[in-house]
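First the structure, in the form of structure tokens, and then the observations on it.
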Amino acid sequence: MSDESQPHAPRNPWLDIPLEDYVGHMSSPNVGQRVVLNRLLADVLRAARPASVFITGASSGNGIEHLDSAVSRRIVCVDINGTYLDALRAAFDNPAVTLETVCGDIAACRLPSQMFELVHAALVLEYVDWKVVLPRLAQLIGVGGMLSVVLQRPSAVTPAVTSSPFASLRTLEAIFNFVDPDELIAAASSLGLTVHSRRTEALPSAKAFEVLQFTQGKLTPLE
Ligand SMILES: C[S@@+](CC[C@H](N)C(=O)[O-])C[C@H]1O[C@@H](n2cnc3c(N)ncnc32)[C@H](O)[C@@H]1O
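Right under this line is the structure:
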């Protein structure tokens with residue numbers, strides 16, 4: 000694993016959230032996001048059948064167990080929290096797939112020189128300057144490749160970071176910013192990415208995800 004954390008940047012609150020707190024929060028009944036995110040990655044892997052996958056904000060690898068080694072031969076996972084990636088590598092049990100992890104800020108870390116058939120960014124653009132990160136992700140996608148994005152939609156009744164017994168998660172409120180899907184689509188279009196599908200996924204606690212898939216250049220339509 001390479002470690003590209005930024006020693007002189009302000010400390011990112013994600014670095015101080017224990018994995019147990021993060022997983023406990025995302026799995027708690029009133030949040031209920033972990034299982035949905037797991038299924039959304041499974042869905043896009045099944046639909047896109049990518050030979051190569053790049054995941055940013057991979058955390059401990061939620062959903063990567065759905066990789067089919069007969070289809071996907073290479074996966075690169077980026078996260079700013081190295082302990083999450085330690086857990087990801089420890090749990091990864093697919094010897095036919097080449098796994099690489101990169102610990103660093105997706106806005107600044109060194110990116111692979113190879114292209115990927117699927118780039119997945121679920122609930123991470125809200126914690127970065129997405130206008131910086133989107134072109135970096137776009138440059139990783141070859142013609143016919145796909146960008147999969149999951150965004151959190153605002154709720155009239157639930158705060159951005161839903162209350163749970165895991166108090167450490169509250170520190171994230173300082174860096175969380177909703178991403179407007181229409182703005183993202185416009186920016187993606189200027190990078191050659193066309194909306195392939197867009198839908199809303201309802202969640203517990205009156206929240207919802209916006210699930211977006213973009214294609215780069217020509218792609219055979221998915222089923
Ligand atoms: C809400 S979690 C993502 C959930 C995960 N994608 C899933 O599907 O279950 C956000 C993840 O992004 C990571 N992250 C936050 N800021 C980051 C950054 N600037 N660069 C890379 N990873 C970052 C966090 O450490 C955390 O693991």
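Heads up, the sequence shown is in numbering that gives the first Met the number 0, so the first residue is 0 and it goes up one at a time. Glycine included, every Cβ here is placed at the ideal spot set by N, Cα and C. Remember, predicted model here, so these are calculated numbers, not experimental data.
Taking 8 Å as the cut-off, does the CB of residue i come closer than this to any heavy atom belonging to ligand 1?
i: residue 15; result: no
i: residue 61; result: yes
i: residue 55; result: yes
i: residue 58; result: yes
i: residue 176; result: no
i: residue 33; result: yes
i: residue 23; result: no
i: residue 96; result: no
i: residue 183; result: no
i: residue 78; result: yes
i: residue 29; result: no
i: residue 223; result: Shown here, the chain extends from 0 to 222; a query on residue 223 therefore has no answer.
i: residue 85; result: no
i: residue 74; result: no
i: residue 104; result: yes
i: residue 11; result: yes
Ends of the alpha helix (DSSP H) at residue i?
i: residue 170; result: First-last for residue 170: undefined, no H or E at that position.
i: residue 24; result: 18-26
i: residue 38; result: 33-47
i: residue 190; result: Neither: residue 190 is in no alpha helix (DSSP H) and is coded neither H nor E.
i: residue 131; result: 129-137
Give the DSSP-derived three-state secondary structure of residue i in the structure shown.
i: residue 196; result: strand
i: residue 178; result: coil
i: residue 214; result: strand
i: residue 51; result: strand
i: residue 75; result: strand
i: residue 30; result: coil
i: residue 63; result: helix
i: residue 275; result: No answer is possible for residue 275: the residues shown for the chain start at 0 and end at 222.
i: residue 57; result: coil
i: residue 124; result: helix
i: residue 146; result: strand
i: residue 202; result: coil
i: residue 117; result: strand
In terms of alpha-carbon separation, which member of the options lies closest to residue i?
i: residue 28; options: 205, 154, 126 and 107; result: 205
i: residue 124; options: 75, 212 and 105; result: 105
i: residue 26; options: 67, 203 and 210; result: 203
i: residue 207; options: 90, 70 and 155; result: 155
i: residue 130; options: 168, 180 and 215; result: 180
i: residue 10; options: 210, 33 and 174; result: 174
i: residue 171; options: 122, 53 and 145; result: 122
i: residue 183; options: 62, 119 and 148; result: 148
i: residue 214; options: 119, 152 and 201; result: 119
i: residue 63; options: 169, 91, 110 and 95; result: 91
i: residue 98; options: 109, 52 and 81; result: 52
i: residue 47; options: 66, 101, 16 and 168; result: 66
i: residue 145; options: 211, 166, 17 and 83; result: 211
i: residue 201; options: 150, 68, 101 and 54; result: 150
i: residue 164; options: 24, 18, 16 and 15; result: 24
Following the continuous beta strand (DSSP E) through residue i, name the residue where it begins and the one where it ends.
i: residue 86; result: That residue, residue 86, is in no beta strand (DSSP E); its alpha helix (DSSP H) goes 81-90.
i: residue 102; result: 97-103
### Query
Can you find at least 3 beta carbon pairs, one from the region 65-77 and one from the region 188-198, that sit closer than 8 Å?
Short answer: they don't touch.
### Task
Mind the definition here: the region 98-114 touches the region 137-148 only if three or more C-beta pairs lie below 8 Å; say whether that holds.
Yes, they touch.
### Message
With three or more C-beta pairs closer than 8 Å as the rule, is the region 80-94 touching the region 54-62?
### Response
Taking one beta carbon from each stretch, the region 54-62 and the region 80-94 have 3 or more pairs nearer than 8 Å; the two touch.
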